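Colleague:
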């Protein structure tokens, strides 16, 4: 596996990169352009990560993860929020927390109403349709904060994994007083992989979930209160996991 500084995908090559290598990595300015919104509107979302609630489902007993979770259905350019529902994954995709109906606090309405949020989610749905063909997309949005209050935080306690969806978007919202948190992307059926560290807020990693597996390494504090904020969006055709 090769290690390097992030090699960004040109915006016009995102669909091709997803088809050929299974992932694309976008610089913040291109994420804003994709979403059709000024970068400042995305940056305005960051303060909402300060109100996340503790994840009480961690089987490793940790208290390092806070989150909110909400679901949406996208048809064309229309994004509609669903009734609040539990997050569920089969054990085949999440050996640690699979098979559990995990009911998290919802994303706050004031967050969802912001134009940066709406533009980002719908734009990524359009990218998915550009690659896979027009679909109704079942979207799950996860706000995560991984902190180092107990000395170490684990962004992916389940290890390298797939999510059981069609596409996964991982957006770095911010890093504060930490080291670590390296992103690793591996071919699902091959020997190759990439590793890099996302450092600039609103960097986007977009993954074809069938083609690659991914993980982020643990974070450790550099100061008194270190944390890493991310927004993870999953897009699945047909239904939400657990509905079929």
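Numbering (full-length UniProt numbering), first residue to last: 1 to 244.
Ideal Cβ placement from N, Cα and C applies to all residues, glycine included.
Since we're looking at a predicted model, the values are computed, not measured.
Considering only their Cβ atoms, is the gap separating residue 151 from residue 226 smaller than 7 Å?
Modeller: Translated into the one-based positions of the chain shown, residue 226 becomes position 226. Translated into the one-based positions of the chain shown, residue 151 becomes position 151. No, Cβ-Cβ distance for residue 226 and residue 151 is not below 7 Å.
Colleague: What's the C-alpha gap between residue 18 and residue 172?
Modeller: As a working note, residue 18 is residue 18 in the chain shown. As a working note, residue 172 is residue 172 in the chain shown. Going by the C-alpha atoms only, they are around 19 Å apart.
Colleague: For chain D, find out if any of its Cβ atoms is closer than 7 Å to the Cβ of residue 37; answer yes or no.
Modeller: The structure shown contains no chain D, having only a single protein chain.
Colleague: What does DSSP give as the partner residues of residue 221 in its beta bridges?
Modeller: Taking the chain shown and counting its residues from 1, the one referred to as residue 221 is at position 221. Answer by DSSP bridge pairing, in chain order: 178.
Colleague: Name the one or two DSSP bridge partners that residue 117 has.
Modeller: On the chain shown, position 117 is the one that residue 117 refers to. In DSSP, residue 117 forms no bridge with anything.
Colleague: May I have the straight-line CA-CA distance separating residue 211 from residue 168, to the nearest angstrom?
Modeller: Counting from 1 along the chain shown, the entry for residue 211 is found at position 211. Counting from 1 along the chain shown, the entry for residue 168 is found at position 168. Those two C-alpha atoms are separated by around 11 Å.
Colleague: For residue 186, which residues does DSSP report across the bridge?
Modeller: By one-based count along the chain shown, residue 186 stands at place 186. 193, 213, per the DSSP bridge assignment.
Colleague: Below 8 Å, can you find three or more Cβ-Cβ pairs linking the region 79-86 to the region 180-195?
Modeller: The region 79-86 is not in contact with the region 180-195.
Colleague: For residue 29, which residues does DSSP report across the bridge?
Modeller: Residue 29 sits at position 29 when you count from the first residue of the chain shown. None; residue 29 has no bridge partner.
Colleague: Per DSSP, what kind of secondary structure is residue 49 in: helix, strand or coil?
Modeller: In the chain shown, residue 49 corresponds to position 49, counting from 1. Reduced to three states, the DSSP call for residue 49 is helix.
Colleague: Can you list, in chain order, the residues of its chain with a C-beta nearer than 7 Å to that of residue 36? Leave out the 5 residues immediately preceding and following it.
Modeller: Within the chain shown, numbered from 1, the residue matching residue 36 stands at position 36. Answer for residue 36: 119, 123, listed in chain order.
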